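A short write-up of the structure that comes next.
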Amino acid sequence: MYAKSFQRPKSLFGEFSRKSGDHLTTHYCPGCGHGNLHKYIAEAIDELGMQDRTVLVNPVGCSVFAYYYFDVGNIQVPHGRAPAAATAVKRALPDSLVISYQGDGDLAAIGGNEILHCANRGENITVFFVNNAIYGMTGGQMAPTTLLGQRTSTSPTGRQILEEGFPMHVSELLASLEGPSYIERVGLFDNKSRMRARKAVKKGLQNQIEGRGFSLIEVLSPCPTGWGLTPTDACNWVKENLLPVFPLGVIKDVTADRENWNRRRLEVTPERVAEVLGITHATAEKRTATWTDSNVATCYRDPRIKLAGFGGQGVLFLGKLLAEVGMREGFNVSWLPSYGPEMRGGTANCAVNISTLPVGSPLISDPSVLIATNRPSLDKFAPEVVSGGVILYDSSLIDTAPTRDDVEVLAVPATAIADSIGSPKVANIVMLGAYIGLTNVLPKERVVAVIESMTKKKALVELNIKAIDAGIEHASKAHVAEDSWAV
Amino acid sequence: MKSEEKEDRGRIDISTEECKGCGLCVEACAPNVMQLSDGFNSRGYHPAVYLGSGCTGCGVCFFACPEPGAITVFTLLSPAKAAEAASLSLATTTL
Ligand SMILES: Cc1ncc(C[n+]2csc(CCOP(=O)(O)OP(=O)(O)O)c2C)c(N)n1
Ligand code: SF4
Ligand code: SF4
Ligand code: SF4
Numbered sequence: 316m317y318a319k320s321f322q323r324p325k326s327l328f329g330e331f332s333r334k335s336g337d338h339l340t341t342h343y344c345p346g347c348g349h350g351n352l353h354k355y356i357a358e359a360i361d362e363l364g365m366q367d368r369t370v371l372v373n374p375v376g377c378s379v380f381a382y383y384y385f386d387v388g389n390i391q392v393p394h395g396r397a398p399a400a401a402t403a404v405k406r407a408l409p410d411s412l413v414i415s416y417q418g419d420g421d422l423a424a425i426g427g428n429e430i431l432h433c434a435n436r437g438e439n440i441t442v443f444f445v446n447n448a449i450y451g452m453t454g455g456q457m458a459p460t461t462l463l464g465q466r467t468s469t470s471p472t473g474r475q476i477l478e479e480g481f482p483m484h485v486s487e488l489l490a491s492l493e494g495p496s497y498i499e500r501v502g503l504f505d506n507k508s509r510m511r512a513r514k515a516v517k518k519g520l521q522n523q524i525e526g527r528g529f530s531l532i533e534v535l536s537p538c539p540t541g542w543g544l545t546p547t548d549a550c551n552w553v554k555e556n557l558l559p560v561f562p563l564g565v566i567k568d569v570t571a572d573r574e575n576w577n578r579r580r581l582e583v584t585p586e587r588v589a590e591v592l593g594i595t596h597a598t599a600e601k602r603t604a605t606w607t608d609s610n611v612a613t614c615y616r617d618p619r620i621k622l623a624g625f626g627g628q629g630v631l632f633l634g635k636l637l638a639e640v641g642m643r644e645g646f647n648v649s650w651l652p653s654y655g656p657e658m659r660g661g662t663a664n665c666a667v668n669i670s671t672l673p674v675g676s677p678l679i680s681d682p683s684v685l686i687a688t689n690r691p692s693l694d695k696f697a698p699e700v701v702s703g704g705v706i707l708y709d710s711s712l713i714d715t716a717p718t719r720d721d722v723e724v725l726a727v728p729a730t731a732i733a734d735s736i737g738s739p740k741v742a743n744i745v746m747l748g749a750y751i752g753l754t755n756v757l758p759k760e761r762v763v764a765v766i767e768s769m770t771k772k773k774a775l776v777e778l779n780i781k782a783i784d785a786g787i788e789h790a791s792k793a794h795v796a797e798d799s800w801a802v
Numbered sequence: 017m018k019s020e021e022k023e024d025r026g027r028i029d030i031s032t033e034e035c036k037g038c039g040l041c042v043e044a045c046a047p048n049v050m051q052l053s054d055g056f057n058s059r060g061y062h063p064a065v066y067l068g069s070g071c072t073g074c075g076v077c078f079f080a081c082p083e084p085g086a087i088t089v090f091t092l093l094s095p096a097k098a099a100e101a102a103s104l105s106l107a108t109t110t111l
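Residue numbers (my numbering), protein chains in the order written: chain L, 316 to 802; chain R, 17 to 111.
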């Protein structure tokens, strides 16, 4: 009687739901090492009983379709970026088995930076680095690992030191860092090397399960198509050409000294956030504010405010201040800045929500309030203000009033007022005063309290209070004038 | 099989349609009991075939083969194991 002893691993699907091609075989070329490595990884996952907890992160390269084959959690990520994604998955789900599966073009070229930092952090993940000394997927271009003299489509006369530099020994490079725990190079070219590779694959995964930190298994893998060889010749080529440059063996192993190398999952609770931000319980109380019982007219409630002007006029700060005051009043708030490329001289704007409802998006494309402190900002955003909304503009700097007649417009000579009370720099605070004076949306006392908590200099606080008062006064005078005019 | 002949220690199944004819299994098999067929499978590859006897059940062809399901290796169970397996009906009886 016979029993199955070696068969398709369970962690590979029984049928592949790939879009083109048959559902029985992989898309890899005959004799391609990716297939062998897939089997070894799947076999090890089976043996370790981790199928339900494995997340395979694979970027771009011939193995881009690995998700068609591996019956585990799969994430397909951009070229070279698997270490970052794997880091995120592992930190969010420390009990999962996270695999980063990368080619040499992917890991050593475009993703060189990512793997370096991931290894240096000693992330507790397992990386399989398929070194076939070429870009397979895109048709055989030179990789950092391409051998000297090796012909590829981008080194048609063979790689030259003075043109393309030396083949990069990535594993040795990474092993020179303190972060990694285990680095081994294996090959897929004869029975012995394949058995050694299986062992290393399992060891790399086992290390992670035991919390021993970063493991990387480099696999010298035949690419018959990229090398223009038959599968058997490709195996011989690995042995005769790759091996002398990339010798097999354990390059680094400090796993014995490493335990509990898993990051503890950080539980992010509102209390913890408050603690980190140094917010006391009193200020972190629930959002409970309502407009009912207030003296705020319905049209001014739950404002969606756009603040815009030149960089340096303080519109971003003004927005932040509004949001902070709103938050301390118990509203839901958001503040979203949008910078021009220049810090000064360019235009800047920000969007502020102050709401009794949770804020769905901090973006504001239909503001109910526009505070504009220069001409281009007024021209740009005035048309976006909803009908029935409010526009406040600095009339000392903008000589033409907005042409809309379906919105309330308040001209505030903010810069002139600010200058007269001490400094044109507080023009933004004059605008704030005018806004709260007009709408009553936020109480002056809270604004002052917030400014006091932000500013150490007493003189500056006083100047700001003056500016608020001047703004409020201007708004009330303007209202009176308008009312008398209406009569 | 004649009863006086010793049973082979192993045997293999090759799923012809899953084979890409790369020949790595043939190269890997120490007792040389595999070869590539002269015929084609439906995708135009010369699939590997088992010569029918002499397999040791070592499994190296399985690990040399890049395709997940092309080769399945069976090993002969010891009489004790076979009896146990039969009673549990776990083993795949192939003879
Ligand atoms: C951002 C980006 N740049 C370039 C490419 C093109 N591209 C696809 S695969 C590849 C190289 C893959 O080589 P390797 O990582 O060695 O994997 P192999 O195909 O050899 O298995 C390149 C450059 C891409 N898909 N995305
Ligand atoms: S091009 Fe090379 S790496 Fe890509 S599938 Fe074919 S043999 Fe494999
Ligand atoms: S199991 Fe071993 S002996 Fe049998 S066919 Fe495969 S390689 Fe040859
Ligand atoms: S190694 Fe696999 S794919 Fe290649 S010839 Fe043998 S059975 Fe076919």
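A virtual CB, placed ideally from N, CA and C, is assigned to each residue, including glycine.
These numbers were taken from a predicted model, which means no experiment stands behind them.
**OP:** Starting from residue 446/L, follow the beta strand (DSSP E) in both directions and report where the run begins and ends.
**Re:** By one-based count along the first sequence, residue 446/L stands at place 131. Here the beta strand (DSSP E) through residue 446/L covers 441-446.
**OP:** Going by DSSP, name the residue or residues bridged to residue 417/L.
**Re:** Taking the first sequence and counting its residues from 1, the one referred to as residue 417/L is at position 102. The partner list for residue 417/L (beta bridge, DSSP) reads 444/L.
Original post:
From residue 96/R to residue 359/L, what does the alpha carbon distance come to, in whole angstroms?
Top reply: Along the second sequence, read from residue 1 onward, the residue named residue 96/R stands at position 80. Along the first sequence, read from residue 1 onward, the residue named residue 359/L stands at position 44. In a straight line, the C-alpha of residue 96/R is about 29 angstroms away from that of residue 359/L.
Subject >> Sequence ranges, beta strand (DSSP E) only - wholly within the stretch 323-396 of chain L, length at least 3 >> reply: 369-373 and 388-391
Original post:
Is it true that the stretch 495-512 of chain L meets the stretch 557-577 of chain L, where meeting means three or more beta-carbon pairs spaced less than 8 angstroms apart?
Top reply: yes
Original post:
CB residue 431/L to CB residue 448/L, shorter than 7 angstroms?
Top reply: As a position in the first sequence, residue 431/L is number 116, starting the count at 1. As a position in the first sequence, residue 448/L is number 133, starting the count at 1. Result no, Cβ atoms of residue 431/L and residue 448/L do not sit closer than 7 angstroms.
**OP:** For residue 52/R, decide whether its Cβ has a neighbour in chain L, counting only Cβ atoms nearer than 7 angstroms.
**Re:** Counting from 1 along the second sequence, the entry for residue 52/R is found at position 36. For residue 52/R, the answer is no, since every Cβ of chain L falls outside 7 angstroms of its Cβ.
Subject >> Check: residue 343/L C-beta below 6 angstroms from any heavy atom of ligand 2 >> reply: Position 28 of the first sequence holds residue 343/L. Yes; taking the cut-off as 6 angstroms, the Cβ of residue 343/L has a heavy atom of ligand 2 nearer than that.
Subject >> Those runs of the alpha helix (DSSP H) which lie wholly inside the stretch 442-498 of chain L and span at least 4 residues >> reply: 476-479 and 485-490
**OP:** Taking residue 81/R and residue 40/R to be in contact with their CB atoms under 8 angstroms, please state how far apart those CB atoms are, rounded to whole angstroms.
**Re:** Here residue 81/R corresponds to residue number 65 of the second sequence, with the count starting at 1. Here residue 40/R corresponds to residue number 24 of the second sequence, with the count starting at 1. Contact holds; Cβ gap of about 6 angstroms.
Original post:
Who are residue 652/L's beta bridge partners in DSSP?
Top reply: Looking up residue 652/L in the first sequence gives position 337. Paired residue(s): 665/L.
**OP:** Note down, in chain order, all residues in the stretch 73-88 of chain R with a beta-carbon under 7 angstroms from any beta-carbon belonging to chain L.
**Re:** 73, 75, 76, 78, 79, 80, 82, 83, 84, 85 and 88
Subject >> Simplified DSSP state of residue 93/R, which is helix, strand or coil >> reply: Taking the second sequence and counting its residues from 1, one reaches residue 93/R at position 77. Residue state, collapsed to three classes: coil.
Original post:
Out of 690/L, 792/L and 704/L, which has the shortest C-alpha to C-alpha gap to residue 712/L?
Top reply: Counting from one through the first sequence, the residue named residue 712/L turns up at place 397. Nearest of 690/L, 792/L and 704/L to residue 712/L, Cα basis: 690/L.
**OP:** Say whether chain R places a C-beta atom closer than 7 angstroms to the C-beta of residue 599/L.
**Re:** The residue labelled residue 599/L in the question sits at position 284 within the first sequence. With a pLDDT of 46 at residue 599/L, under the threshold of 50, the modelled position of that residue is not reliable, and the figure given next carries that caveat. No - not a single Cβ of chain R is within 7 angstroms of the one on residue 599/L.
Original post:
Do you know offhand how far residue 747/L's Cα is from residue 489/L's?
Top reply: Here residue 747/L is taken as the residue at index 432 of the first sequence, counted from 1. Here residue 489/L is taken as the residue at index 174 of the first sequence, counted from 1. Rounded to whole angstroms, residue 747/L to residue 489/L spans 55 angstroms at the Cα level.
Original post:
Thinking just about the alpha-carbon of each residue, which of 56/R, 85/R and 48/R is nearest to the one in residue 69/R?
Top reply: Looking up residue 69/R in the second sequence gives position 53. With distances taken between Cα atoms, residue 69/R lies closest to 48/R.
Original post:
Quick one: which chain L residues come within Cβ less than 9 angstroms of residue 91/R?
Top reply: Counting from 1 along the second sequence, the entry for residue 91/R is found at position 75. Here the neighbours are 317, 318, 319, 320 and 321.
Subject >> Reduced DSSP secondary structure (H/G/I, E/B, other) of residue 521/L >> reply: Along the first sequence, one-based indexing puts residue 521/L at 206. Reduced to three states, the DSSP call for residue 521/L is helix.
Original post:
Is the stretch 769-787 of chain L touching the stretch 22-33 of chain R, taking contact as three or more C-beta pairs under 8 angstroms?
Top reply: no
Original post:
Taking residue 533/L as the reference, which of 375/L, 664/L and 418/L has the closest Cα?
Top reply: Counting from 1 along the first sequence, the entry for residue 533/L is found at position 218. Looking at the Cα atoms, 418/L is the closest of the given residues.
**OP:** Tell me residue 726/L's beta-bridge partners as DSSP assigns them.
**Re:** As a first step, residue 726/L must be located in the first sequence, where it is residue number 411. In the DSSP output, where bridge partners are listed per residue, residue 726/L has 708/L.
Original post:
Does the distance from the CB of residue 520/L to the CB of residue 535/L come in under 7 angstroms?
Top reply: Residue numbering aside, residue 520/L sits at position 205 when the first sequence is read from its first letter. Residue numbering aside, residue 535/L sits at position 220 when the first sequence is read from its first letter. Result no, Cβ atoms of residue 520/L and residue 535/L do not sit closer than 7 angstroms.
**OP:** Per DSSP, which residues does residue 720/L bridge with? Please list them.
**Re:** Looking up residue 720/L in the first sequence gives position 405. Note: residue 720/L sits in no beta bridge, so no partner.
**OP:** May I ask whether a heavy atom of ligand 2 can be found less than 6 angstroms away from the beta carbon of residue 353/L?
**Re:** Along the first sequence, one-based indexing puts residue 353/L at 38. No, ligand 2 has no heavy atom inside 6 angstroms of this Cβ.
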